[in-house]
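Residue numbers (the numbering used here), protein chains in the order written: chain B, 63 to 220; chain Y, 3 to 815; chain V, 925 to 1227.
Don't be surprised by glycine CBs; every beta carbon is placed ideally from N, CA and C.
Let me begin by presenting the structure, written as structure tokens, before commenting on it.
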Amino acid sequence: MQVTMTVNGAEVTREVEPRLLLVHFLRDHLGLTGTHWGCDTSNCGVCVVAMDGVPVKSCTVLAAMAGGREIDTVEGMERDGVLDPVQEGFMREHGLQCGFCTPAMMITARALLDANPDPTAAEIRTAICGTVCRCTGYENIVRAIRWAAEHSVAEVTA
Amino acid sequence: MTATEARSNGVPISPAGNPIGFGRMLRKEDARFLRGKGHYLDDIALPGMLHGAILRSPHAHARIISIDTAAAEAHPKVKAVITGATLEGLNLAWMPTMSGDTQAVLATDKVRFQGQEVAFVVAEDRYAARDALELITVDYELLPPVVDALRALDPGAPVIRTDIEGKADNHIFDWEAGDAAACDAVFNRPDVVVAKADLLYPRSHPSPMETCGSVASMDKVTGKLTCWITSQAPHAHRTVYAIVAGLPEHKIQVISPDIGGGFGNKVPVYPGYVCAVVGTIVTGAPVKWMEDRSENLMTTGFARDYHMHGEIAATRDGRILALRTTTLADHGAFNATAQPSKFPSGFFSIFTGSYDLEAAYCKVTGVYTNKAPGGVAYACSFRITEAAYFVERMVDILAHDLEMDPAELRMKNLIAPDQFPYRTKTGWEYDSGNYPLTLQTTLDRAGYKDLRAEQAESRVRFAQTGEGPLMGIGLSFFTEGVGAGPRKHMDILGLGMADGCELRIHPTGKAVLRLSVQTQGQGHETTFAQIVAHELGLPPEDVEVVHGDTDQTPFGLGTYGSRSTPVSGAAAAVTARRVRDKARIIAAAALECSPDDLEWELGRWQVKGTPTQGKTMQEIALLAHSTLELPEGVEGHLDASAVYNPPNLTYPYGAYLCVVDVDPGTGEVTVRRFIATDDCGPRINPMIVEGQIHGGLAEGVGMALMQAIAFDEAGNCLGGSFMDYLLPTSLECPSWELSETVTPSPHHPLGCKGVGESATVGSPAAVVNAVIDALAPFGVRHADMPLTPAQVWLAIQGRPARTDLAFGADGAA
Amino acid sequence: MQTPAPFEYERATSVGQALALLERYGPEARLVAGGHSLLPMMKLRLADPAYLIDINDLTDLDYIRVDGDSIAIGAMTRHAALLASPVLAEHYPIFADAERVIADPCVRNRGTIGGSLCQADPSEDLSAVASALQATLVVVGTEGSRTVPAREFHAGPYETVVGPAEILTEVRIPIRPGAGSAYEKVERRAGDWGATAGGCFVVLGSDGETVADVGIGLTAVRAPHFCAEEAEAALRGQPATPGNLAAAAAKAAEASRPQTDQRGPADYKRHLAGELTRRALRRAVARARGQAGGPGASPGEEA
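Structure (structure tokens):
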């Protein structure tokens, strides 16, 4: 079947099997390998992308179900060579080590800040609790997202 | 660290704003990860690449009667189906393990654990490969499994390794260290108090977020085999492949791409990797095998699974005299652990911990069970996680029995600063440490006295009202030995654990450092550049760190056991110093003076007394490639290499304190605070060191409270998915509070000790000690991890469960 | 990663069309809403429908509103919306209590109340909530619609009374002025299924003391229809004293027949059934009295 969706602002159309998972559609059909997968039971959360602005686990969405929707992945965060403040915050606060959960964490963070520009540490921890990290112990991820909350786009490009 | 701070710290700042040497520096590798441009194994797509999938046994112990692959082979997208019978013809059905045993690649006679590899399908895409697995029919004859390790040596227990000629039991090894007789003498003294306990460190799993996988590509024309592998030790893998597959080693290239976490899970050679190699040879196309999470949890190298009986002897006023243990090690169906060959139980004999003892003795017995193979993994520093947990629980149990404060008991018995270098009763020589300072730092940071006061109040309230929460305070003081290791004592499969390093300075003064270690997130591309910067005064942004490709880097045994900084870091420093020495000669030639007339000022050789006369490293690099006449001692160009054979391990250590609140009505545990003081010597990049510690502390919370792989009576693995193998999230972890002390290692060129596993080693005991402490009003003395709400409640009832078995299996329900 | 077996996919444009597709494809067809129960099962090959009917475009089933003397919740309402709903926060904070500990925020962005109730997992929190509140479920088929009391909705584990060519469209809860409600759950870790959970509503009489009405729901302990009717009967008409609440909680524990698994042995779960019911009752009573522990308070806060 054919599926059409908007990915990082651009419309894409591909021929897919109905059973193709969105994460595989993004990675294998569109070459957007920044979104990862890490489990079989929808628990680990490293596959998170934004669908119509909210974070979802792309391993538990069929590409077919994403038809007509707007998908945002990590590859779309940097605009015209300028990092999103979330990306900048992750770098400055050492919010990543192996980098495998990082795209998911950053997409979740961007969605959080869009809805709640000044979250507390507790609100951040709740927002990211659906993605597991084995490297950072979460502290620096929280700091990274706080950094992004405190530094607007204007500051980063200045 | 701002530029001003760094300069006042003595470390100048480079044009890009980085410290030229040790200090806080943002990571070079972040550039690609932040943009989703990391290059992980599953990102690899080669033209014509096929996908492999493994059919696995649903049974823990069964004879294979027949395998019918005809339907799978007939699937239009399937290119090959390989079974144990196929491999037998190639002499590849079994492969050597890193412990001198053999392991089945694909089962031939029997399956010996649930999840064991039985057949390998190669298909055009991963969906078809998965479909094809359903088309293979295997006829099994069930056999009784050995699930309870404590029964593995019972007379009449089913024999698992019937493939080993003459094997009539499930025994693997016995190993001992220390002095049993000296211990007996101490324990038999009349004035001595003895505390005994049985401690289980349950089977756990490192579970990095990226699973294991490989892409194997054989070029039939050139005969070259290229393998991309999620490997923490690419050179060791290359050598093993050469031995196992009989392929010439110079025709094998192993590339470790970006790795999404290792934690020891990515050290072993897994059957899937070997199958991918066979797949590419059989089909002529590249073959990718990427395991799924259940395969990762059920079949790849697990960690721990030590049943430790401990006895500690002390005087009544709290002077610890001796410690001994008999321990049963559950290795699963094959002995496939990777540790130095003379140490079948790894470095477990460091169980004497951080205390000055008169005597110590351990005996470890390894057994087979019908479970996945493994045991050494998950930041264990070769079983030091087990040893550290053991001693720190025993000390707390002793404190409980003596009714003594656990901090006071520890302070009274820690090795004193003037006792270093300290030789333990089991033969380890600790290099340096100021243990009391580190413990005191933690106690002060935590506000220990106030915490105990608050706890006293919470106990009064509970006694009066029956309402919680109950507060618990737990300590853990650990010493570990890392940086394996001196080749005289340590080898894996006969390969000495010395690491190579090559440094080359280009004509324009940029450097390339080639290493045998392999980052899985630890930041090597940054920290090793900082080492070169520290030694040569080159900006770290001008130093490229190359690793992970066996065609591009010198031989070494890879990254695990926190050995990167102690071994490869030392190699890098030594190599850089050799480059600096050559640079001196070249500078002297250019300045027409003697090398002895020159002194080193970071980045520059200059004439003593006339500092304006000198040459920077960049100038020297150009000179080295120029027409300059060079004297004896240098041939030209500017490079050096070294193989670093560490003279000893290094001994990072730390003092941890955990505060918990326990709900006695439900058994739920909340980790309120965690204070960690680590001493790993000088810190090359404090930001990275702290990140490593944060991660390890989270592991402690996970293992203490929720992570374990148990088995039911039929040998079914109860932790085969993330629905039951639970990893801590952001909500279970507190905001970590870190402090540091610094006692350099006297034998390491930079004084650095390594830190990657310290927090994983030290933290579980702190959390467990805290929970048991919280339950003191109920008279609880010990309960095994994981202290899930159910286990805490059972402990309160006086009947904590065995956590290696299913709930109810030991009659607990 | 695991992948599903092949199937056909259709997207429903309306309830009527979804029903027509269900009729056409028969028992080999399944509806998919949030998909976070069905798709994982399909990936593990535990479920194998030949036809998947996607009802995510049925956005007119996504609502929470006051409808006369009831609150009406459309079946396609996502967990995230239930958690954030001011209407539910005002009338029934039991929803926010429960949603806060259902899965994680990403899953809550997709999973729906209809999907959760129809999946009928014995550990499903919303089943206990619906049962506690004595909700009424509206089921639509090609012949028309019918209502089913929540306490008659489940036929067994993973089984409901929704027929093969029917769709759950709405959950209706009677508004009970002055009611307090609460939910308590024990899980090994955030996002885990509960070891045990319990929730309730309480309406106090005009004296502020007598329990005029009460509903108690339990999950993960195989309580019949996710509720504890004997416990309710014992408490109705009684003063809401700690002793009476504890007695009702004990009865709730008796109604439980939990199974031992890795979340805990049966006796632990039975203990929790009583303990969590007692705590939920206490907090519901406090909320009914307008005391601390009101809407938005986190579970575990003492009254």
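Checking the DSSP bridge columns, you'll see arginine 674/Y has no partner listed.
Here histidine 41/Y is exposed. Its C-beta has fewer than 16 other C-beta atoms within 10 Å. When DSSP states are grouped into helix, strand and coil, proline 766/Y belongs to the helix group. Taking methionine 725/Y as the centre and dropping the five residues before and after it, the same chain places no C-beta closer than 6 angstroms to its C-beta. Taking 3 residues as the minimum length, the beta strand (DSSP E) runs contained wholly in the region 68-102 of chain B are 72-77, in order along the chain.
In the displayed model, tyrosine 1082/V falls within coil according to three-state DSSP, outside both helix and strand. A check of alpha carbon separations from glycine 348/Y across Arg295/Y, Thr329/Y, Ser356/Y identifies Thr329/Y as the nearest. Inclusion of threonine 652/Y and histidine 750/Y in the CB contact set at 9 angstroms is warranted, their separation being smaller than that value. For leucine 83/B, the chain V residues whose C-beta falls within less than 9 angstroms of its own C-beta are Met925, Thr927, Pro928, Leu963, Lys967, listed in chain order.
Secondary structure of lysine 617/Y (DSSP, three-state): strand. Alanine 47/Y sits away from isoleucine 69/Y, with the two beta carbons spaced by 9 angstroms or more.
Taking 9 angstroms as the threshold, the shortest C-beta distance from alanine 183/B to chain Y falls below it. Rounded to whole angstroms, the gap between the alpha carbons of alanine 1020/V and serine 1040/V is 16 angstroms. Under the DSSP assignment, isoleucine 386/Y falls in the alpha helix (DSSP H) whose first and last residues are 386-404. The alpha-carbon separation between alanine 154/Y and valine 148/Y amounts to approximately 6 angstroms. Phenylalanine 809/Y has a beta carbon lying within less than 9 angstroms of a beta carbon in chain V.
When the five nearest sequence neighbours on each side are left out, the beta carbons in the same chain lying within less than 8 angstroms of the beta carbon of methionine 63/B are those of Glu77, Val78, Glu79, Pro80, Ala126, in order along the chain. In the structure shown, aspartate 332/Y falls within a strand segment according to DSSP collapsed to helix, strand and coil. Leucine 404/Y is positioned such that its CB atom lies closer than 9 angstroms to that of arginine 318/Y. Threonine 927/V sits in coil when the DSSP states are folded into three classes, being neither helix nor strand.
Counting only residues of its own chain and dropping the five nearest sequence neighbours on each side, leucine 632/Y has a CB closer than 7 angstroms to the CB of Ile588, Ala591, Gly638.
The straight-line gap separating the alpha-carbon atoms of alanine 944/V and methionine 1000/V is approximately 19 angstroms.
Taking 9 angstroms as the CB threshold, glycine 303/Y stays off the interface with chain V. For glutamine 1043/V, the CB contacts under 6 angstroms within the same chain, skipping 5 residues up- and downstream, are Ser961 in chain order. With distances taken between CA atoms, threonine 193/B lies nearest to Pro165/B out of Ala183/B, Ala211/B, Ala184/B, Pro165/B. Looking at the backbone, the Cα of aspartate 111/Y and that of glutamate 297/Y are separated by about 21 angstroms. Boundaries of the beta strand (DSSP E) harbouring glutamine 255/Y: 254-257, taken from the DSSP string. With a cutoff of 9 angstroms on beta-carbon distance, glycine 764/Y and alanine 390/Y are scored as near each other. Look at the region 1185-1201 of chain V: the residues with a C-beta under 9 angstroms from a C-beta of chain Y are Asp1185, Gln1186, Arg1187, Gly1188, Pro1189, Ala1190, Asp1191, Tyr1192, Lys1193, His1195, Leu1196, Glu1199, Leu1200. Neighbours of valine 1031/V across chain Y, judged by C-beta separation under 7 angstroms, do not exist; the nearest C-beta is about 13 angstroms away. The three-state secondary structure of methionine 705/Y, taken from DSSP, is helix. For glycine 667/Y, at least one C-beta of chain V is nearer than 9 angstroms to its own C-beta. For glycine 19/Y, there are no neighbours in chain B by C-beta distance under 7 angstroms, as the nearest C-beta there is about 12 angstroms away. Going by C-alpha positions, arginine 141/B is about 31 angstroms away from aspartate 981/V. For leucine 57/Y, not one C-beta of chain V is nearer than 9 angstroms to its own C-beta. Here histidine 53/Y carries a strand assignment [DSSP, helix/strand/coil].
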